[in-house]
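Presented below is the structure to which this report refers.
Residue numbers (the numbering used here): 124 to 179.
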C-alpha cells in the first residue's frame, strides 16, 4: 500500500489547553481550534461562521 501525506494549515483561536494522549505507547497532542469565515449574505450583510476543529 502506498503512503500518502496530507497537510493543512489552520489559523484560528485555541479553544482549550493542549492535552497529551498516550495510546499503545504512542503519544499524541490534542486541542480544539476555532476558525472563522466571513461572507456577505443575500442582503449584503456580513455574517461570521465559526467552525470548531478537533486537532490531534
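Every residue, glycine too, gets a C-beta built ideally from N, C-alpha and C.
Of the residues 164, 126, 133, 170, which one's Cα is nearest the Cα of residue 177?
-> 133
Hey, how far is the Cα of residue 139 from the Cα of residue 145?
-> 18 Å
So what's residue 139 in DSSP terms, helix, strand or just coil?
-> coil
Counting only the same chain and skipping the five closest in sequence on each side, list residues whose C-beta sits under 6 Å from that of residue 160.
-> 172
Rounded C-alpha distance that separates residue 141 from residue 148 = 19 Å
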